[in-house]
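Numbering (this note's numbering), first residue to last: 2 to 370.
Take a look at the structure:
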(Lines of atoms letter the chains of each structure in order from A and count residues from 1; the text may use other names and numbers.)
(Lines give C-alpha, C1' and ligand atoms only; values in the text may rest on other atoms or scores of the structure.)
Protein backbone atom coordinates (compact mmCIF):
# COMPACT_ATOMS: atom_id res chain seq x y z
CA UNK A 1 0.00 0.00 0.00
CA UNK A 2 2.86 2.37 0.84
CA UNK A 3 4.53 1.63 -2.54
CA UNK A 4 1.35 2.44 -4.49
CA UNK A 5 0.88 5.74 -2.62
CA UNK A 6 4.49 6.72 -3.30
CA UNK A 7 4.03 5.90 -6.98
CA UNK A 8 0.88 8.05 -7.17
CA UNK A 9 2.68 10.97 -5.51
CA UNK A 10 5.63 10.66 -7.90
CA UNK A 11 3.35 10.42 -10.94
CA UNK A 12 1.41 13.55 -9.99
CA UNK A 13 4.62 15.45 -9.24
CA UNK A 14 5.96 14.51 -12.67
CA UNK A 15 2.71 15.57 -14.38
CA UNK A 16 2.76 18.86 -12.46
CA UNK A 17 6.29 19.59 -13.69
CA UNK A 18 5.39 18.74 -17.31
CA UNK A 19 2.28 20.93 -17.12
CA UNK A 20 4.23 23.86 -15.68
CA UNK A 21 6.93 23.56 -18.37
CA UNK A 22 4.32 23.60 -21.15
CA UNK A 23 2.62 26.57 -19.53
CA UNK A 24 5.83 28.61 -19.32
CA UNK A 25 6.79 27.64 -22.88
CA UNK A 26 3.50 28.98 -24.23
CA UNK A 27 3.36 32.04 -21.97
CA UNK A 28 7.00 33.12 -22.37
CA UNK A 29 7.80 32.35 -25.99
CA UNK A 30 10.63 34.87 -26.16
CA UNK A 31 12.63 33.24 -23.33
CA UNK A 32 15.25 30.63 -23.99
CA UNK A 33 14.45 26.94 -23.72
CA UNK A 34 16.70 26.47 -20.69
CA UNK A 35 15.06 29.36 -18.82
CA UNK A 36 11.60 28.00 -19.56
CA UNK A 37 12.67 24.57 -18.34
CA UNK A 38 14.01 26.01 -15.09
CA UNK A 39 10.94 28.18 -14.49
CA UNK A 40 8.58 25.34 -15.36
CA UNK A 41 10.39 22.83 -13.16
CA UNK A 42 10.37 25.22 -10.20
CA UNK A 43 6.67 26.00 -10.66
CA UNK A 44 5.82 22.32 -11.13
CA UNK A 45 7.66 21.28 -7.99
CA UNK A 46 5.91 24.04 -6.02
CA UNK A 47 2.55 22.82 -7.32
CA UNK A 48 3.47 19.22 -6.47
CA UNK A 49 4.39 20.23 -2.90
CA UNK A 50 1.01 21.91 -2.48
CA UNK A 51 -0.79 18.80 -3.79
CA UNK A 52 1.11 16.40 -1.54
CA UNK A 53 0.72 18.70 1.49
CA UNK A 54 -3.06 18.72 1.03
CA UNK A 55 -3.06 14.94 1.57
CA UNK A 56 -3.28 15.30 5.36
CA UNK A 57 -6.59 17.15 4.98
CA UNK A 58 -7.92 14.52 2.56
CA UNK A 59 -7.34 11.82 5.21
CA UNK A 60 -10.17 13.27 7.28
CA UNK A 61 -12.72 12.39 4.58
CA UNK A 62 -13.89 8.82 4.20
CA UNK A 63 -15.10 7.17 1.00
CA UNK A 64 -18.77 7.73 1.81
CA UNK A 65 -18.26 11.50 2.06
CA UNK A 66 -16.30 11.51 -1.17
CA UNK A 67 -19.04 9.56 -2.99
CA UNK A 68 -21.66 11.96 -1.65
CA UNK A 69 -19.70 14.90 -3.04
CA UNK A 70 -19.18 13.26 -6.45
CA UNK A 71 -22.87 12.36 -6.85
CA UNK A 72 -23.89 15.85 -5.75
CA UNK A 73 -21.54 17.45 -8.29
CA UNK A 74 -22.84 15.21 -11.06
CA UNK A 75 -26.50 15.91 -10.27
CA UNK A 76 -25.76 19.62 -9.98
CA UNK A 77 -24.06 19.57 -13.39
CA UNK A 78 -27.10 17.89 -14.98
CA UNK A 79 -29.46 20.35 -13.32
CA UNK A 80 -27.38 23.36 -14.41
CA UNK A 81 -27.17 21.99 -17.95
CA UNK A 82 -30.95 21.64 -18.11
CA UNK A 83 -31.56 25.13 -16.68
CA UNK A 84 -29.02 26.70 -19.07
CA UNK A 85 -30.61 24.96 -22.06
CA UNK A 86 -34.11 26.10 -21.10
CA UNK A 87 -32.92 29.66 -20.47
CA UNK A 88 -31.05 29.78 -23.79
CA UNK A 89 -34.11 28.58 -25.74
CA UNK A 90 -36.34 31.09 -23.97
CA UNK A 91 -34.02 34.03 -24.68
CA UNK A 92 -33.76 33.08 -28.33
CA UNK A 93 -37.33 34.37 -28.79
CA UNK A 94 -36.71 37.56 -26.80
CA UNK A 95 -36.39 40.91 -28.66
CA UNK A 96 -33.04 41.58 -26.93
CA UNK A 97 -29.76 39.70 -26.86
CA UNK A 98 -26.68 39.74 -24.62
CA UNK A 99 -23.00 39.34 -25.37
CA UNK A 100 -20.72 36.40 -24.75
CA UNK A 101 -19.29 37.73 -21.50
CA UNK A 102 -22.73 38.26 -19.98
CA UNK A 103 -23.80 34.80 -21.15
CA UNK A 104 -20.75 33.18 -19.58
CA UNK A 105 -21.35 35.03 -16.33
CA UNK A 106 -25.01 33.93 -16.19
CA UNK A 107 -24.02 30.32 -16.91
CA UNK A 108 -21.35 30.41 -14.20
CA UNK A 109 -23.91 31.66 -11.65
CA UNK A 110 -26.40 28.95 -12.72
CA UNK A 111 -23.78 26.19 -12.45
CA UNK A 112 -22.59 27.41 -9.06
CA UNK A 113 -26.11 27.64 -7.65
CA UNK A 114 -27.25 24.26 -9.02
CA UNK A 115 -24.14 22.41 -7.87
CA UNK A 116 -24.44 23.91 -4.39
CA UNK A 117 -28.10 22.93 -4.08
CA UNK A 118 -27.43 19.41 -5.41
CA UNK A 119 -24.54 18.75 -3.02
CA UNK A 120 -26.53 20.00 -0.02
CA UNK A 121 -29.59 17.95 -0.98
CA UNK A 122 -27.48 14.83 -1.53
CA UNK A 123 -25.79 15.23 1.85
CA UNK A 124 -29.14 15.63 3.59
CA UNK A 125 -30.59 12.65 1.75
CA UNK A 126 -27.66 10.57 2.99
CA UNK A 127 -28.63 11.49 6.55
CA UNK A 128 -32.33 10.74 6.18
CA UNK A 129 -32.71 7.73 3.91
CA UNK A 130 -31.06 4.56 2.72
CA UNK A 131 -30.16 4.71 -0.96
CA UNK A 132 -28.28 1.76 -2.42
CA UNK A 133 -26.17 2.39 -5.53
CA UNK A 134 -23.42 0.07 -6.83
CA UNK A 135 -20.22 0.74 -4.83
CA UNK A 136 -22.01 3.47 -2.85
CA UNK A 137 -24.13 3.10 0.27
CA UNK A 138 -25.80 5.95 2.10
CA UNK A 139 -26.91 5.33 5.64
CA UNK A 140 -28.28 7.57 8.38
CA UNK A 141 -25.17 8.88 10.13
CA UNK A 142 -27.07 9.73 13.28
CA UNK A 143 -28.34 6.11 13.54
CA UNK A 144 -25.10 4.44 12.52
CA UNK A 145 -23.40 2.30 15.13
CA UNK A 146 -19.69 1.91 14.49
CA UNK A 147 -17.84 -1.36 14.75
CA UNK A 148 -15.53 -2.02 17.68
CA UNK A 149 -11.94 -2.95 16.89
CA UNK A 150 -10.35 -5.29 19.45
CA UNK A 151 -6.75 -4.94 20.54
CA UNK A 152 -4.40 -7.44 22.16
CA UNK A 153 -5.07 -6.24 25.70
CA UNK A 154 -8.84 -6.69 25.59
CA UNK A 155 -8.37 -10.34 24.64
CA UNK A 156 -6.66 -10.91 28.01
CA UNK A 157 -9.86 -9.94 29.84
CA UNK A 158 -12.24 -12.89 30.19
CA UNK A 159 -15.08 -10.54 31.15
CA UNK A 160 -15.39 -9.77 27.42
CA UNK A 161 -17.01 -13.19 26.98
CA UNK A 162 -19.83 -12.41 29.43
CA UNK A 163 -20.47 -8.99 27.91
CA UNK A 164 -20.48 -10.46 24.38
CA UNK A 165 -22.85 -13.25 25.42
CA UNK A 166 -25.35 -10.66 26.65
CA UNK A 167 -26.03 -9.52 23.07
CA UNK A 168 -24.79 -6.00 23.64
CA UNK A 169 -21.96 -6.34 21.09
CA UNK A 170 -23.68 -8.47 18.43
CA UNK A 171 -22.28 -7.94 14.89
CA UNK A 172 -19.96 -5.12 15.99
CA UNK A 173 -16.72 -6.83 17.06
CA UNK A 174 -13.83 -6.86 14.58
CA UNK A 175 -10.53 -8.65 15.28
CA UNK A 176 -7.46 -7.90 13.10
CA UNK A 177 -5.90 -11.05 11.70
CA UNK A 178 -2.39 -9.75 12.29
CA UNK A 179 -3.11 -9.73 16.05
CA UNK A 180 -4.23 -13.35 15.77
CA UNK A 181 -1.00 -14.18 13.93
CA UNK A 182 1.05 -12.44 16.64
CA UNK A 183 -0.70 -14.50 19.34
CA UNK A 184 0.13 -17.76 17.56
CA UNK A 185 3.73 -16.62 17.07
CA UNK A 186 4.10 -15.81 20.78
CA UNK A 187 2.56 -19.15 21.67
CA UNK A 188 5.31 -20.94 19.75
CA UNK A 189 8.40 -18.79 20.35
CA UNK A 190 7.67 -16.55 23.33
CA UNK A 191 8.74 -16.93 26.94
CA UNK A 192 6.58 -18.58 29.57
CA UNK A 193 4.66 -15.43 30.52
CA UNK A 194 4.06 -14.52 26.85
CA UNK A 195 2.87 -18.07 26.14
CA UNK A 196 0.45 -17.90 29.06
CA UNK A 197 -0.98 -14.57 27.87
CA UNK A 198 -1.28 -15.80 24.29
CA UNK A 199 -2.98 -19.00 25.39
CA UNK A 200 -5.47 -17.05 27.52
CA UNK A 201 -6.20 -14.64 24.64
CA UNK A 202 -6.72 -17.48 22.15
CA UNK A 203 -9.12 -19.16 24.56
CA UNK A 204 -11.12 -15.92 24.75
CA UNK A 205 -11.20 -15.72 20.94
CA UNK A 206 -12.35 -19.35 20.71
CA UNK A 207 -15.18 -18.71 23.16
CA UNK A 208 -16.20 -15.57 21.28
CA UNK A 209 -16.40 -17.60 18.08
CA UNK A 210 -18.64 -20.12 19.83
CA UNK A 211 -21.29 -17.47 20.57
CA UNK A 212 -23.71 -17.92 17.64
CA UNK A 213 -25.37 -14.50 17.82
CA UNK A 214 -22.16 -12.48 18.24
CA UNK A 215 -20.96 -12.63 14.63
CA UNK A 216 -17.27 -11.99 15.33
CA UNK A 217 -15.56 -10.72 12.17
CA UNK A 218 -11.94 -10.63 11.10
CA UNK A 219 -10.12 -7.91 9.20
CA UNK A 220 -7.32 -8.99 6.85
CA UNK A 221 -6.14 -5.43 6.27
CA UNK A 222 -2.57 -4.97 7.40
CA UNK A 223 0.02 -2.22 7.22
CA UNK A 224 3.39 -4.04 7.17
CA UNK A 225 5.28 -0.78 6.74
CA UNK A 226 4.15 0.32 10.24
CA UNK A 227 6.10 -1.37 13.02
CA UNK A 228 4.47 0.28 16.04
CA UNK A 229 1.45 -1.91 17.07
CA UNK A 230 -0.46 1.05 18.52
CA UNK A 231 0.03 3.20 15.42
CA UNK A 232 -1.01 0.28 13.21
CA UNK A 233 -4.16 -0.30 15.27
CA UNK A 234 -5.14 3.37 15.10
CA UNK A 235 -4.61 3.47 11.34
CA UNK A 236 -6.72 0.34 10.90
CA UNK A 237 -9.51 1.82 13.03
CA UNK A 238 -9.46 4.96 10.91
CA UNK A 239 -9.44 2.87 7.72
CA UNK A 240 -12.43 0.79 8.86
CA UNK A 241 -14.22 3.81 10.37
CA UNK A 242 -14.43 1.94 13.69
CA UNK A 243 -13.88 2.69 17.37
CA UNK A 244 -11.33 1.04 19.64
CA UNK A 245 -12.33 -1.26 22.51
CA UNK A 246 -9.42 -1.71 24.91
CA UNK A 247 -8.68 -2.57 28.52
CA UNK A 248 -5.18 -1.04 28.46
CA UNK A 249 -6.07 2.63 28.36
CA UNK A 250 -2.59 3.62 29.58
CA UNK A 251 -1.23 3.08 26.06
CA UNK A 252 -3.96 4.95 24.22
CA UNK A 253 -4.66 8.58 25.02
CA UNK A 254 -7.94 9.96 23.67
CA UNK A 255 -6.30 13.29 22.87
CA UNK A 256 -3.81 11.59 20.57
CA UNK A 257 -6.40 9.68 18.53
CA UNK A 258 -8.18 11.87 16.00
CA UNK A 259 -11.69 10.98 14.80
CA UNK A 260 -11.61 7.71 16.78
CA UNK A 261 -13.38 7.05 20.05
CA UNK A 262 -11.49 4.89 22.54
CA UNK A 263 -13.92 2.90 24.67
CA UNK A 264 -12.53 1.80 28.03
CA UNK A 265 -13.70 -1.71 28.78
CA UNK A 266 -13.12 -1.14 32.50
CA UNK A 267 -15.60 1.75 32.49
CA UNK A 268 -18.14 -0.44 30.69
CA UNK A 269 -17.75 -3.17 33.30
CA UNK A 270 -18.04 -0.63 36.12
CA UNK A 271 -21.27 0.67 34.63
CA UNK A 272 -22.70 -2.86 34.58
CA UNK A 273 -21.84 -3.59 38.21
CA UNK A 274 -24.84 -3.86 40.55
CA UNK A 275 -25.34 -0.74 42.61
CA UNK A 276 -25.16 -0.93 46.40
CA UNK A 277 -27.71 1.25 48.17
CA UNK A 278 -27.15 3.02 51.47
CA UNK A 279 -28.42 0.90 54.36
CA UNK A 280 -28.02 -2.35 52.44
CA UNK A 281 -26.15 -5.23 54.14
CA UNK A 282 -23.36 -7.05 52.33
CA UNK A 283 -21.11 -9.95 53.30
CA UNK A 284 -17.45 -9.09 52.88
CA UNK A 285 -14.16 -10.81 53.77
CA UNK A 286 -11.77 -8.43 55.53
CA UNK A 287 -8.36 -8.90 53.88
CA UNK A 288 -6.19 -6.11 55.29
CA UNK A 289 -6.08 -3.05 57.53
CA UNK A 290 -7.28 0.31 56.29
CA UNK A 291 -5.64 3.71 56.57
CA UNK A 292 -7.70 4.80 59.57
CA UNK A 293 -7.70 3.12 63.03
CA UNK A 294 -10.06 0.12 63.41
CA UNK A 295 -10.66 0.19 59.65
CA UNK A 296 -10.59 -2.93 57.48
CA UNK A 297 -10.60 -3.36 53.70
CA UNK A 298 -12.13 -6.11 51.59
CA UNK A 299 -13.08 -6.71 47.98
CA UNK A 300 -16.23 -7.90 46.26
CA UNK A 301 -16.15 -10.55 43.55
CA UNK A 302 -16.06 -7.89 40.81
CA UNK A 303 -13.04 -6.17 42.41
CA UNK A 304 -14.89 -3.31 44.10
CA UNK A 305 -13.03 -2.11 47.19
CA UNK A 306 -15.07 -2.07 50.39
CA UNK A 307 -13.84 0.01 53.35
CA UNK A 308 -15.35 -1.29 56.59
CA UNK A 309 -15.22 0.91 59.68
CA UNK A 310 -14.68 -1.35 62.66
CA UNK A 311 -13.51 -4.20 60.45
CA UNK A 312 -9.87 -4.24 61.60
CA UNK A 313 -10.79 -6.75 64.33
CA UNK A 314 -11.94 -9.32 61.74
CA UNK A 315 -8.94 -9.76 59.42
CA UNK A 316 -9.41 -12.98 57.43
CA UNK A 317 -13.08 -13.33 58.44
CA UNK A 318 -16.30 -12.86 56.49
CA UNK A 319 -18.55 -10.36 58.25
CA UNK A 320 -21.76 -8.51 57.58
CA UNK A 321 -21.40 -4.80 56.82
CA UNK A 322 -23.95 -2.02 56.31
CA UNK A 323 -23.35 0.25 53.32
CA UNK A 324 -22.98 3.95 54.11
CA UNK A 325 -22.09 5.44 50.73
CA UNK A 326 -20.62 4.65 47.31
CA UNK A 327 -17.83 6.77 45.85
CA UNK A 328 -16.96 6.72 42.14
CA UNK A 329 -13.28 7.14 41.27
CA UNK A 330 -11.19 6.98 38.09
CA UNK A 331 -10.18 3.39 38.91
CA UNK A 332 -13.68 2.20 39.76
CA UNK A 333 -15.99 2.36 42.75
CA UNK A 334 -15.37 2.31 46.51
CA UNK A 335 -17.98 1.32 49.08
CA UNK A 336 -17.82 2.75 52.60
CA UNK A 337 -19.61 0.75 55.27
CA UNK A 338 -19.88 0.03 58.98
CA UNK A 339 -19.37 -3.38 60.49
CA UNK A 340 -22.71 -4.77 61.59
CA UNK A 341 -23.48 -4.49 65.30
CA UNK A 342 -23.86 -8.26 65.65
CA UNK A 343 -20.23 -8.59 64.53
CA UNK A 344 -19.08 -6.00 67.04
CA UNK A 345 -20.97 -7.71 69.87
CA UNK A 346 -19.84 -11.19 68.93
CA UNK A 347 -16.43 -11.25 70.63
CA UNK A 348 -17.09 -8.87 73.52
CA UNK A 349 -17.99 -10.04 77.01
CA UNK A 350 -21.40 -9.28 78.45
CA UNK A 351 -21.64 -7.15 81.63
CA UNK A 352 -24.16 -7.12 84.46
CA UNK A 353 -26.08 -4.05 85.46
CA UNK A 354 -27.12 -3.22 88.99
CA UNK A 355 -30.23 -5.40 88.69
CA UNK A 356 -28.24 -8.41 87.44
CA UNK A 357 -29.41 -8.19 83.85
CA UNK A 358 -27.09 -8.85 80.91
CA UNK A 359 -26.27 -5.77 78.92
CA UNK A 360 -24.25 -5.20 75.72
CA UNK A 361 -21.45 -2.67 75.56
CA UNK A 362 -22.25 0.69 74.09
CA UNK A 363 -22.74 0.32 70.30
CA UNK A 364 -19.95 1.69 68.13
CA UNK A 365 -20.99 3.76 65.12
CA UNK A 366 -18.71 4.78 62.27
CA UNK A 367 -19.30 7.17 59.46
CA UNK A 368 -17.64 7.46 56.08
CA UNK A 369 -15.68 10.60 55.44
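The beta-carbon is built from N, C-alpha and C at its ideal position, and this holds for glycine as well.
Could you check which residue in the options has the C-alpha nearest to that of residue i?
i: residue 117; options: 72, 324 and 155; result: 72
i: residue 161; options: 106, 112 and 265; result: 265
i: residue 159; options: 45, 280, 199 and 149; result: 199
i: residue 183; options: 309, 153 and 166; result: 153
i: residue 216; options: 188, 192, 170 and 42; result: 170
i: residue 315; options: 168, 191, 291 and 301; result: 291
i: residue 223; options: 207, 197, 180 and 211; result: 180
i: residue 319; options: 287, 302 and 191; result: 287
i: residue 148; options: 279, 241 and 85; result: 241
i: residue 267; options: 297, 155, 209 and 173; result: 155
Assign residue i to one of two classes, buried (16 or more other C-beta atoms within 10 Å of its C-beta) or exposed (fewer than that).
i: residue 248; result: buried
i: residue 15; result: exposed
i: residue 113; result: exposed
i: residue 390; result: This structure cannot settle anything about residue 390, because the visible part of the chain is limited to 2 through 370.
i: residue 310; result: buried
i: residue 37; result: buried
i: residue 12; result: exposed
i: residue 92; result: exposed
i: residue 83; result: exposed
i: residue 142; result: Confidence at residue 142 is low in this model, with a pLDDT of 48, below 50, so the placement of that residue is unreliable and no value is reported for it.
i: residue 50; result: exposed
i: residue 280; result: exposed
i: residue 209; result: buried
i: residue 66; result: exposed
i: residue 206; result: buried
i: residue 359; result: Low confidence applies here, because residue 359 scores a pLDDT of 40, under 50, leaving its location unreliable; read the following figure in that light. Residue 359 is exposed by the Cβ-count criterion.
Based on the DSSP secondary-structure assignment, which residues constitute the bridge partners of residue i?
i: residue 82; result: BP columns for residue 82 are empty, so no partner.
i: residue 322; result: 283 and 340
i: residue 294; result: None; residue 294 has no bridge partner.
i: residue 328; result: 335
i: residue 247; result: 265
i: residue 175; result: 150 and 218
i: residue 306; result: 300 and 335
i: residue 160; result: DSSP, once it has assigned bridges, lists no residue as partnering residue 160.
i: residue 289; result: 298
Rounded to the nearest angstrom, how far is the Cβ of residue i from that of residue j, given a contact under 8 Å?
i: residue 245; j: residue 234; result: 7 Å
i: residue 324; j: residue 338; result: 5 Å
i: residue 46; j: residue 27; result: With a Cβ gap of about 19 Å, residue 46 and residue 27 do not count as contacting.
i: residue 285; j: residue 322; result: 5 Å
i: residue 109; j: residue 69; result: About 24 Å; that fails the 8 Å criterion.
i: residue 299; j: residue 307; result: 5 Å
i: residue 227; j: residue 165; result: With a Cβ gap of about 28 Å, residue 227 and residue 165 do not count as contacting.
i: residue 111; j: residue 85; result: 6 Å
i: residue 190; j: residue 173; result: Not a contact, Cβ separation roughly 33 Å.
Taking 7 Å as the limit between beta carbons, can you name the residues of its chain near residue i, skipping five residues before and five after?
i: residue 277; result: 283, 324, 327 and 336
i: residue 219; result: 176 and 178
i: residue 136; result: Here residue 136 scores only 47 on pLDDT, less than 50, and its place in the model is too uncertain to base an answer on.
i: residue 80; result: 115 and 119
i: residue 7; result: none
i: residue 229; result: none
i: residue 214; result: 168 and 171
i: residue 201; result: 157
i: residue 204; result: none
i: residue 195; result: 187
i: residue 76; result: 119 and 123
i: residue 193; result: none
Go through its chain and collect everything with a Cβ distance to residue i's Cβ below 6 Å, but skip five positions before and after it.
i: residue 44; result: 21
i: residue 150; result: 175, 238, 243 and 245
i: residue 10; result: 53
i: residue 88; result: none
i: residue 289; result: 298
i: residue 163; result: none
Output needed for residue i: all residues of its chain with C-beta closer than 8 Å, excluding positions within five of it in sequence on either side, in chain order.
i: residue 29; result: 36, 37 and 40
i: residue 294; result: 313
i: residue 24; result: 41 and 44
i: residue 105; result: none
i: residue 74; result: 116, 119 and 120
Can you determine whether any heavy atom of the ligand ZN sits closer than 6 Å to the C-beta of residue i, and answer yes or no?
i: residue 153; result: No copy of the ligand ZN occurs in the structure displayed, which carries no ligand at all.
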